[in-house]
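Shown next, in structure tokens, is the structure this report addresses.
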Amino acid sequence: MKFSRVTAAIIMASLSSPLFAGAEQSVGKLTAASEGTFVSRAGNLIPATAGQSLYAGDRVVTRGQAKAKVAFPGCNYTMAPTSVLSVSASSCATAPKSFAQDGGTDDTGAGGGGGGGVVLGLGIIAAGLGLYFGIKNDDSTPASP
Numbered sequence: 168m169k170f171s172r173v174t175a176a177i178i179m180a181s182l183s184s185p186l187f188a189g190a191e192q193s194v195g196k197l198t199a200a201s202e203g204t205f206v207s208r209a210g211n212l213i214p215a216t217a218g219q220s221l222y223a224g225d226r227v228v229t230r231g232q233a234k235a236k237v238a239f240p241g242c243n244y245t246m247a248p249t250s251v252l253s254v255s256a257s258s259c260a261t262a263p264k265s266f267a268q269d270g271g272t273d274d275t276g277a278g279g280g281g282g283g284g285v286v287l288g289l290g291i292i293a294a295g296l297g298l299y300f301g302i303k304n305d306d307s308t309p310a311s312p
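Numbering (the working numbering), first residue to last: 168 to 312.
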């Protein structure tokens, strides 16, 4: 029986794949997850459960009024409703992003609200610039009809 190099390569690849299948290491864990919490993994949205392992590349999503608690080596997060946490090997450096409309913050470090002041400040600046350029360009000559 004669084996070609391609056949040998296919056999070697098929034999070695089980060795690497479980090589991915968990970087965190969901310690609590209420209904409406999901884990996005490899394009699939999976309902979250307490005790579920998290891997680099996962995203934990809380919808509606759902809340979740996530533990990483060195830090823990309590996720507010309507939040997203991108999981990585350095997840302790990034807080969950909250999209809640309640305008306040809680003990999660997931900074909610505060956007109204920015919009108001930008509006005042825009109005001031409009007034400035309106006065500056006023040459007191009437426009032709």
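Ideal Cβ placement from N, Cα and C applies to all residues, glycine included.
Distance, residue j Cα to residue i Cα
i	j	result
A200	V237	9 Å
M246	E191	25 Å
G224	L252	10 Å
I291	P240	45 Å
E202	R230	9 Å
Beta-carbon proximity check, residue i vs residue j, cutoff 8 Å
i	j	result
S193	L212	no
S258	G195	yes
Sequence-distant residues of its chain with Cβ nearer than 7 Å to residue i (five each side left out)
i	result
A217	L197, T198, A199 and A200
C242	C259
Same chain, Cβ closer than 8 Å to residue i, five either side skipped, listed in chain order
i	result
A215	L197, A200, T204, F205, V206, V227 and A235
S255	V194, A223, G224 and T261
Beta-carbon contacts of residue i that lie in its chain and below 6 Å, excluding the five residues immediately before and after
i	result
Q232	P248
R208	D225
Q219	L197
Reduced DSSP category for residue i - H, G, I as helix; E, B as strand; rest coil
i	result
A223	coil
S201	coil
S258	helix
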